[in-house]
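Protein chains in written order, with the working numbering: chain E, 77 to 400; chain A, 4 to 258.
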């Protein structure tokens with residue numbers, strides 16, 4: 077399956093949902109971006125920022141109110157465009173009575189595959205997603221992680237040049253997330269020419285998998301850049317938890333605005349990697365212990381998810397005194 | 004025929020066999036056998052006719068409910084639950100998906116009608132030699148009626164929610180049988196009647212498929228009437244499926 081140009085191209089795409097007789101909701105506004113071939117691109121944004129709407133428009137499930145969407149050179153509304161796509165939905169569901177093998181065979185046949193080629197591909201993919209041992213089991217009893225891996229396997233059946241994953245790690249436990257992340261990386265290593273486009277609201281997933289990102293905020297394109305550009309511009313902060321500090325060090329830290337005493341020890345906020353190294357050296361020299369280090373990219377989170385700080389009016393906060 | 008329609012139809016057949024058909028047939032069998040025993044104690048002379056009447060009516064009600072509720076479960080639930088997204092993400096058209104589901108469900112319904120006919124013949128043969136021809140015709144027409152209702156149900160399922168689809172489909176079933184009676188008995192001078200005259204044309208005449216009263220007397224209808232019923236079924240199904248496909252193709256699928 078060859079094509080020329082970008083894997084995905086959106087030009088001035090707007091989507092308005094008719095939510096009532098008169099009421100309308102603007103989901104995506106004037107979205108323009110491209111996803112070049114062979115890249116792993118993350119579509120990043122908070123819940124409700126328009127990620128899923130954008131993906132569903134690319135897949136042709138939703139019709140754009142305005143604008144043009146091209147998938148591998150074909151209009152997203154053409155059936156042909158979908159032959160280039162392997163899709164993993166956010167919450168994959170299969171007919172409960174089908175076995176893992178049945179599911180793969182069904183989707184393979186819909187893609188026009190058959191015979192030994194299909195069987196070999198099914199065998200390989202079920203092994204890839206570590207589901208070979210449950211090939212003949214009904215998907216009814218599958219865990220969320222297993223269902224997700226099976227959905228990933230069916231997306232790879234015809235070795236599509238464009239893989240679209242909608243929140244692939246959503247709802248998974250840490251182990252499940254790690255498995256899917258590893259699989260995505262492995263798939264890209266094995267199919268380096270394929271383009272991967274996936275949506276997420278988890279920054280860590282983007283950092284570990286993507287080469288570039290598209291940031292959406294409230295249905296608008298906030299920024300499209302490489303991951304390196306994004307990370308270099310973000311303001312990285314570290315939260316250190318220090319125990320057994322000497323009185324002099326304790327006095328020094330507690331005297332600064334960046335530190336405070338907590339039940340577990342002294343909590344220190346450090347800006348940037350260089351400052352972190354200096355602090356760690358200081359703590360080690362003092363003989364104190366570092367009980368924990370937490371990394372945060374504050375400015376990036378603020379940019380994506382907005383300012384979430386909220387000051388309640390007097391008397392109505394969670395800690396407000398009860399009145400009789 | 005597009006092979007993908009058959010692939011989707013085969014999955015639909017398996018889904019219906021796995022989840023629903025067995026219970027419907029079991030209910031029908033228990034009701035039929037139980038009632039025929041009860042009726043057998045109530046009357047002696049009309050035993051055969053009563054049993055045939057009862058079983059034909061039971062078959063019709065079962066098939067009407069099955070065609071509507073299985074249609075909702077098979078087609079609409081897949082849209083609302085999101086399992087449709089992986090199928091439609093493949094290079095197949097929405098019309099193929101819709102037709103696949105419809106063909107699968109219709110095949111199951113005709114097989115069910117066949118099963119019910121066999122059961123009715125078995126039960127009624129306990130009283131006397133059954134009128135196979137008359138009963139086969141009646142059950143065949145019940146099957147055609149259920150297919151028309153399925154296409155109607157798909158049309159509403161594309162456009163509305165599960166409850167609305169069920170209510171409207173059942174209303175169409177009722178009105179489809181009563182439309183001529185309503186027309187005859189209405190006040191022809193009233194303004195409401197003028198509206199009814201327009202509305203009536205949008206409701207399929209399901210009396211075309213109704214030979215229930217004849218089955219117990221062993222009366223068969225002519226092949227011309229049978230042929231007309233088949234043509235009428237084909238026209239109704241084609242109309243509703245084209246309308247469903249047109250709407251389905253324009254519709255956003257937000258799952």
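Don't be surprised by glycine CBs; every beta carbon is placed ideally from N, CA and C. It should be emphasised that the depicted structure is a prediction, and the values quoted were computed from it without experimental measurement.
Tell me the residue span of the beta strand (DSSP E) that contains residue i.
i	result
residue 91/E	84-94
residue 184/E	Per DSSP, residue 184/E belongs to no beta strand (DSSP E); it is in the alpha helix (DSSP H), 176-186.
residue 127/E	It is not in any beta strand (DSSP E) - residue 127/E instead sits in the alpha helix (DSSP H) that spans 127-134.
residue 162/E	161-164
residue 103/E	100-111
residue 274/E	271-276
residue 139/E	Per DSSP, residue 139/E belongs to no beta strand (DSSP E) and is neither H nor E.
residue 241/E	238-242
residue 291/E	288-293
residue 296/E	296-302
residue 312/E	312-319
residue 256/A	Careful: residue 256/A lies outside any beta strand (DSSP E) and carries neither H nor E.
Taking Cβ-Cβ distances shorter than 7 angstroms, what residues in chain E pair up with residue i?
i	result
residue 115/A	Residues of chain E passing the Cβ test: none, with the nearest at roughly 18 angstroms.
residue 32/A	Simply none; closest approach about 23 angstroms.
residue 14/A	171, 182
residue 21/A	173
residue 85/A	165, 167, 169
residue 17/A	173
Under 8 angstroms, do residue i and residue j count as touching if we go by C-beta distance?
i	j	result
residue 214/A	residue 140/A	yes
residue 102/E	residue 92/E	yes
residue 74/A	residue 160/A	yes
residue 158/E	residue 136/E	yes
residue 214/E	residue 155/E	no
residue 290/E	residue 147/E	no
residue 364/E	residue 330/E	no
residue 88/E	residue 143/E	yes
residue 205/E	residue 226/E	yes
residue 247/A	residue 158/A	yes
residue 79/A	residue 168/A	yes
residue 218/A	residue 55/A	yes
residue 207/E	residue 231/E	no
residue 267/E	residue 235/E	yes
residue 275/E	residue 314/E	no
residue 134/E	residue 145/E	yes
List the whole-angstrom C-beta distance separating residue i from residue j, where the pair is believed to meet the contact cut-off of C-beta under 8 angstroms.
i	j	result
residue 154/A	residue 105/A	7 angstroms
residue 85/A	residue 258/A	4 angstroms
residue 107/A	residue 199/A	Not confirmed; about 36 angstroms, so no contact.
residue 219/E	residue 166/E	Not a contact, Cβ separation roughly 16 angstroms.
residue 270/E	residue 237/E	6 angstroms
residue 138/A	residue 124/A	7 angstroms
residue 118/A	residue 28/A	6 angstroms
residue 198/E	residue 181/E	7 angstroms
What residues of chain A sit near residue i, judged by a beta carbon separation below 8 angstroms?
i	result
residue 155/E	94, 95, 96
residue 176/E	Near residue 176/E there are no residues of chain A at all, since even the closest Cβ is about 14 angstroms away, more than 8 angstroms.
residue 227/E	89
In terms of residues, what are the limits of the alpha helix (DSSP H) holding residue i?
i	result
residue 212/E	That residue, residue 212/E, is in no alpha helix (DSSP H); it is neither H nor E in DSSP.
residue 146/A	135-162
residue 251/A	226-253
residue 203/A	194-203
residue 16/A	6-22
residue 210/A	No alpha helix (DSSP H) holds residue 210/A; DSSP gives it neither H nor E.
residue 83/A	80-84
residue 344/E	Run containing residue 344/E: none in the alpha helix (DSSP H); it sits in the beta strand (DSSP E), 341-347.
Just to make sure I have the definition right: I need the residues of chain E whose C-beta is within less than 8 angstroms of the C-beta of residue i. Which are they?
i	result
residue 8/A	None at all; the shortest Cβ gap to chain E is about 11 angstroms.
residue 256/A	132, 137, 138
At a CB-CB cut-off below 9 angstroms, which residues of chain A make contact with residue i?
i	result
residue 158/E	91, 92, 93, 94, 95
residue 194/E	None at all; the shortest Cβ gap to chain A is about 13 angstroms.
residue 161/E	92, 93, 94
residue 152/E	Chain A residues near residue 152/E: none, gap ~12 angstroms exceeds 9 angstroms.
residue 185/E	6, 7, 10
Taking Cβ-Cβ distances shorter than 7 angstroms, what residues in chain A pair up with residue i?
i	result
residue 56/E	Lying outside 77 to 400, the shown extent of chain E, residue 56/E is not represented and no answer is given.
residue 367/E	The contacting residues do not exist; residue 367/E stays about 44 angstroms from chain A at best.
Return yes when at least one heavy atom of the ligand ATP lies under 7 angstroms from the C-beta of residue i, else no.
i	result
residue 186/A	What this structure holds is no ligand at all, so the ligand ATP is not there to describe.
Please confirm whether residue i has its beta-carbon closer than 8 angstroms to some beta-carbon of chain D.
i	result
residue 246/E	Included in the structure are the protein chains E and A, with no chain D among them.
- Task: Please name the residues in the segment 77-104 of chain E whose beta-carbon is closer than 7 angstroms to at least one beta-carbon of chain A, in chain order.
- Result: Answer set for the segment 77-104 of chain E: empty.
- Item | chain A contacts made by the segment 315-337 of chain E, where a contact means CB separation under 9 angstroms | Correct list: empty, as no residue qualifies.
- Query: Going along the chain, which residues of the segment 348-360 of chain E sit with their C-beta nearer than 8 angstroms to a C-beta in chain A?
  - Reply: Of all residues in the segment 348-360 of chain E, none places a beta-carbon less than 8 angstroms from a beta-carbon of chain A.
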